[in-house]
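Residue numbers (the numbering used here): 382 to 790.
What follows is the structure, given as structure tokens:
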């Protein structure tokens, strides 16, 4: 019996009952389930892997909602902390609730000294997603979740500290500067991240862009990293293990990093004409154009238009001479030649670049946002848990007779 299990058994009666019920469900024999759906398509495309009340993706080809609220309304009107509250607590906050929530997040920004030592030991050459993964895992040792009733507080701490983790490592490893992550004038997570990164208070425009960006990335149903978190949660593992597993899944280039790849592509061109010629050449060579198309959306990604407009405003703010035009030209060519639309990542690349964010930190920003969706899915999985254990269609050899080693060719 694990120590985590022992601690949870000592919890309050209601939590104890819920936990025991989860254990019994998790070990229940499932061989009697006769109505297993046949799997078809690579990557389980089109298969339902469970139910959720958190998010809809791709309804009518375009839709995206969080707990019933359309993403366009949220992006236009909500602060990111409001959306985090919505996902994690089930409803939009009142002004007083939002103020208290933001204050709680602000007071949790101080990095433990032991975690600072770990971050200082990670070289500048490390992949920033490895830094996020290691930081989250180490935090699980320093701020352990002993009982499911603690999941809300542990998530709030993660939400407050993930920007601190990546900025502390980046500033120390690249500039030799130890920052005081508890010392900030910013009351928003996006503004806090920018201030920790640059040591300057961000403009109102930059803070608005960060609110929108973090809202757009906060949740997206059963994508690879979220499903990873739910699989981990289904074993009754602790919250930090679930989030660490999700970060590891996002680390893969087929899931995360598209905005970084898009930036690497568009920054090589100095004009729309170069972008057109370069994109056509890449298509002719059958090179992958990152930031286009989507596994679920068929007509458009509703997040694209929202972040594209902010990228346009930022380009004007910084007197950009070509990067936004280059991005638009690539968008036009991909639509004309391949019938593909930009997903949320493509115009995020130029938006982040205009705010002075290093390209290597683009995906960690995704983590800062998506931890809300990951954690909300962990909560949901725990509420009605059954260990996730699908079957596989065997394609190997049939029965083979054993051969002693001296007879094998």
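Backbone N, C-alpha and C fix where the C-beta goes; we use that ideal spot for every residue, glycine too.
| Check | Outcome |
| --- | --- |
| For residue 445, does the three-state DSSP call read helix, strand or coil? | strand |
| What does the alpha-carbon distance come out to for the pair residue 515 and residue 591? | 24 Å |
| Straight-line CA distance for residue 667 to residue 584? | 41 Å |
| So, are the CB atoms of residue 571 and residue 735 less than 8 Å apart? | no |
| For residue 683, does the count of other Cβ atoms within 10 angstroms reach 16, so buried, or fall short, so exposed? | buried |
| What are the boundary residues of the alpha helix (DSSP H) that includes residue 521? | 509 to 523 |
| Out of 687, 637 and 706, point me to the one whose CA is closest to residue 652's CA. | 706 |
| In this structure, what does DSSP give as the bridge partners for residue 436? | 447 |
| Using the beta-carbon count (16 or more within 10 Å), is residue 558 buried or exposed? | exposed |
| Please classify residue 426: is it buried, with 16 or more other beta-carbons within 10 angstroms of its beta-carbon, or exposed? | exposed |
| What does DSSP give as the partner residue(s) for residue 743 in the beta ladder? | Note: residue 743 sits in no beta bridge, so no partner. |
| For residue 744 versus residue 674, is the C-beta distance shorter than 8 Å? | no |
| Using 7 Å as the cut-off, classify the Cβ of residue 555 as near or not near the heavy atoms of the ligand COA, replying yes or no. | As far as ligands go, the structure on display features none, and thus does not contain the ligand COA. |
| Which residues share a DSSP beta bridge with residue 723? | 673 |
| Counting only the same chain and skipping the five closest in sequence on each side, list residues whose C-beta sits under 6 Å from that of residue 632. | 510 |
| Among residues of its own chain, excluding the 5 on either side of residue 415, which ones have a beta-carbon nearer than 8 Å to its beta-carbon? | Annotation note: pLDDT 35 at residue 415 (below 50); position unreliable, coordinate value reported separately. Cβ within range, chain order: n/a, list empty. |
| Under 8 Å, do residue 620 and residue 537 count as touching if we go by C-beta distance? | no |
| Taking 7 Å as the limit between beta carbons, can you name the residues of its chain near residue 474, skipping five residues before and five after? | 463, 466 and 482 |
| In or out: residue 561 buried (at least 16 other Cβ within 10 Å) or exposed? | exposed |
| According to DSSP, is residue 684 part of a helix, a strand, or is it coil? | helix |
| Which whole runs of the alpha helix (DSSP H) in the region 581 to 641 are 4 residues long or more, in chain order? | 585 to 598, 605 to 615 and 620 to 631 |
| Return the CA-CA distance between residue 605 and residue 627, expressed in angstroms with no decimal places. | 8 Å |
| Across the region 739 to 759 and the region 684 to 691, are there enough close Cβ pairs to call them in contact, namely three or more that are closer than 8 Å? | no |
| Between the C-alpha atoms of residue 700 and residue 663, what's the straight-line distance to the nearest angstrom? | 29 Å |
| Select from 553, 453, 733 and 546 the residue whose C-alpha is nearest the C-alpha of residue 596. | 453 |
| Please report the distance separating the alpha-carbon of residue 407 from that of residue 520. | Here the model assigns residue 407 a pLDDT of 41, short of 50, so the residue's position is not dependable, and the following value carries that caveat. If you take the alpha carbons of residue 407 and residue 520, they lie about 27 Å apart. |
| Mind checking which residues open and close the alpha helix (DSSP H) that includes residue 544? | 532 to 556 |
| Does DSSP put residue 648 in a helix, in a strand, or in coil? | coil |
| What does the alpha-carbon distance come out to for the pair residue 710 and residue 579? | 31 Å |
| Secondary structure at residue 792, three-state DSSP: helix, strand or coil? | For residue 792 there is no data in the structure shown, the boundaries of the chain being 382 and 790. |
| Hey, quick one: how far does the alpha helix (DSSP H) through residue 571 stretch, first residue to last? | 570 to 579 |
| Once DSSP output is grouped into helix, strand and coil, what is the label at residue 738? | coil |
| Of all the options 565, 630, 712 and 607, which has the alpha carbon lying nearest to the alpha carbon of residue 760? | 607 |
| Alpha carbon to alpha carbon, what distance is there between residue 740 and residue 504? | 17 Å |
| Hey, residue 610 and residue 624 are a contact pair by Cβ (cut 8 Å); roughly how many whole angstroms apart? | 7 Å |
| In the structure shown, what three-state DSSP assignment does residue 699 receive? | coil |
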